[in-house]
Amino acid sequence: MPDLSGKHGLIVGVANKRSISWAIAQAAAAAGARLALTYPSERLEENVRELAAKLENPLVAPCDVASDEQITELGATLDREFGGLDFFVHGAAFAPAAELSSPFVQTSREGFRIALDVSAYSLIALARGALPLMEKKGGGSIVTLTYLGSQRVFQNYNVMGVAKAALESTVRYLAADLGPKNIRVNAISAGPIKTLAASGVSGFSSILQVYRDRAPLRRTVDTSEVADAALFLLSDAGRAVTAEVLMVDGGYHATGM
Ligand SMILES: NC(=O)c1ccc[n+]([C@@H]2O[C@H](COP(=O)([O-])OP(=O)(O)OC[C@H]3O[C@@H](n4cnc5c(N)ncnc54)[C@H](O)[C@@H]3O)[C@@H](O)[C@H]2O)c1
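Just add 283 to wherever you are in the sequence shown, counting from 1, and you've got the numbering used here.
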């Protein structure tokens, strides 16, 4: 098992116990890391605090990733409490509900803006905030979460597919920019999992069944499997891997007919 003892990490994107980010937080904590968890709004604060209480000595802070002020404040809090940062997990994504159930051609300008801002631009803003903290540690590892809908069409995934394409490209540009500072940037492309975000995609259950029928492993994946892959990328085990999109989807991405 990868060792993260003595490391400090930030996990953005825990909403409830089904969140992929929560599975990653649990795995990273079990590997010895001390963690900060964030909540985007007061509505989710209690959920996040309840889950964080299961970790040892957690830090809990607000962070709406669409707010530059909150990202700056989060950076100051992490600097004060952790004195630097070794890794962060970006598991935030959002698109207005109407965009995930209407024909793609009906995508609104505002829906597009929000989806790309929260789901893709936020990785750049958070990486910029993390940069001085990671420099203090001599480098770091950043992992975000994406989906195959960036490359292929899945019904109703719509503007979120466009946002994931932007996110994956952002991973490569950030990796090139931050690599000389020994900061690695990677994405995990997870197979479909029933979470809060996934339930916003109309007809999501039928996507799950396609994976059970056709993925080489003939099953879907669970959050602990995504977390194990994340641990590889966050730890020294992945020290030569950057600018990568690691598929954790039972092999579905390779299927044709
Ligand atoms: N569930 C899947 O099938 C699947 C597959 C591949 C990739 N992903 C990606 O994994 C990531 C995590 O999603 P999940 O499936 O665990 O669902 P989730 O709903 O548990 O997590 C999404 C998170 O985004 C957060 N978020 C939304 N708007 C935010 C904002 N403005 N500021 C800060 N946080 C905000 C939510 O609070 C939530 O914690 C997302 O990027 C999602 O696209 C999910």
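Idealized CB from N, CA, C, for every residue including glycine. The structure displayed is predicted, hence computed values, not measured ones.
CB of residue i within 7 Å of CB of residue j, strictly
{"i": "Thr360", "j": "Ala344", "result": "yes"}
{"i": "Arg533", "j": "Leu500", "result": "Inspection of the sequence shows that residue 533 is occupied by Gly rather than by Arg. Cβ atoms of Gly533 and Leu500: closer than 7 Å."}
{"i": "Ser424", "j": "Leu293", "result": "no"}
{"i": "Ser433", "j": "Gly444", "result": "yes"}
{"i": "Lys419", "j": "Asp369", "result": "no"}
{"i": "Ile303", "j": "Thr525", "result": "no"}
{"i": "Val484", "j": "Ala470", "result": "no"}
{"i": "Ala310", "j": "Leu514", "result": "yes"}
{"i": "Phe487", "j": "Ala480", "result": "no"}
{"i": "Leu399", "j": "Ala449", "result": "yes"}
{"i": "Asn340", "j": "Asn299", "result": "no"}
{"i": "Val442", "j": "Thr478", "result": "no"}
{"i": "Thr427", "j": "Lys447", "result": "no"}
{"i": "Val493", "j": "Val531", "result": "no"}
{"i": "Pro285", "j": "Ala306", "result": "no"}
{"i": "Ser472", "j": "Leu409", "result": "no"}
{"i": "Leu334", "j": "Ala316", "result": "no"}
{"i": "Asn439", "j": "Leu491", "result": "no"}
{"i": "Asp338", "j": "Ala312", "result": "The displayed chain sequence assigns Leu, not Asp, to residue 338. Contact flag set, yes."}
The beta strand (DSSP E) enclosing residue i, as first and last residue numbers
{"i": "Gly292", "result": "291-295"}
{"i": "Phe370", "result": "370-373"}
Identified DSSP bridge partners for residue i
{"i": "Ala344", "result": "Thr321"}
{"i": "Ile303", "result": "Note: Ile303 sits in no beta bridge, so no partner."}
Chain-order list of residues whose beta-carbon lies under 8 Å from that of residue i (same chain, five-residue window excluded)
{"i": "Gly412", "result": "Ile354, Thr355, Leu357, Gly358"}
{"i": "Ala375", "result": "Val295, Gly296, Pro323, Val348, Val401, Ser402, Ser405"}
{"i": "Glu364", "result": "Ala319, Leu342"}
{"i": "Arg497", "result": "Tyr535, Thr538"}
{"i": "Lys464", "result": "Leu414, Met417, Glu418, Gly422"}
{"i": "Ile407", "result": "Thr453, Leu457"}
{"i": "Glu393", "result": "Pro379"}
{"i": "Ala512", "result": "Ile471, Leu529, Val531"}
{"i": "Glu508", "result": "Val531"}
Close Cβ partners of residue i (< 7 Å) along its chain, the five nearest in sequence each way excluded
{"i": "Arg332", "result": "Val343"}
{"i": "Asp362", "result": "Leu416"}
{"i": "Asp351", "result": "Ala408"}
First and last residue of the uninterrupted alpha helix (DSSP H) at residue i
{"i": "Glu364", "result": "351-365"}
Contacts around residue i, its chain only, beta-carbon distance under 6 Å, and the 5 residues preceding and following it disregarded
{"i": "Gly232", "result": "Only positions 284 to 540 of the chain appear in the structure, and residue 232 is not among them; the question remains open."}
{"i": "Glu328", "result": "Tyr322"}
{"i": "Phe395", "result": "Val442"}
{"i": "Ala510", "result": "Ala306, Ile307, Ala310"}
Worksheet item: What are the complete beta strand (DSSP E) segments, minimum 3 residues, inside the region 388-447?
Response: 423-429
Discussion item. Give the list of continuous alpha helix (DSSP H) stretches no shorter than 4 residues that lie fully inside the region 465-530.
Written reply: 479-482, 487-497, 506-517
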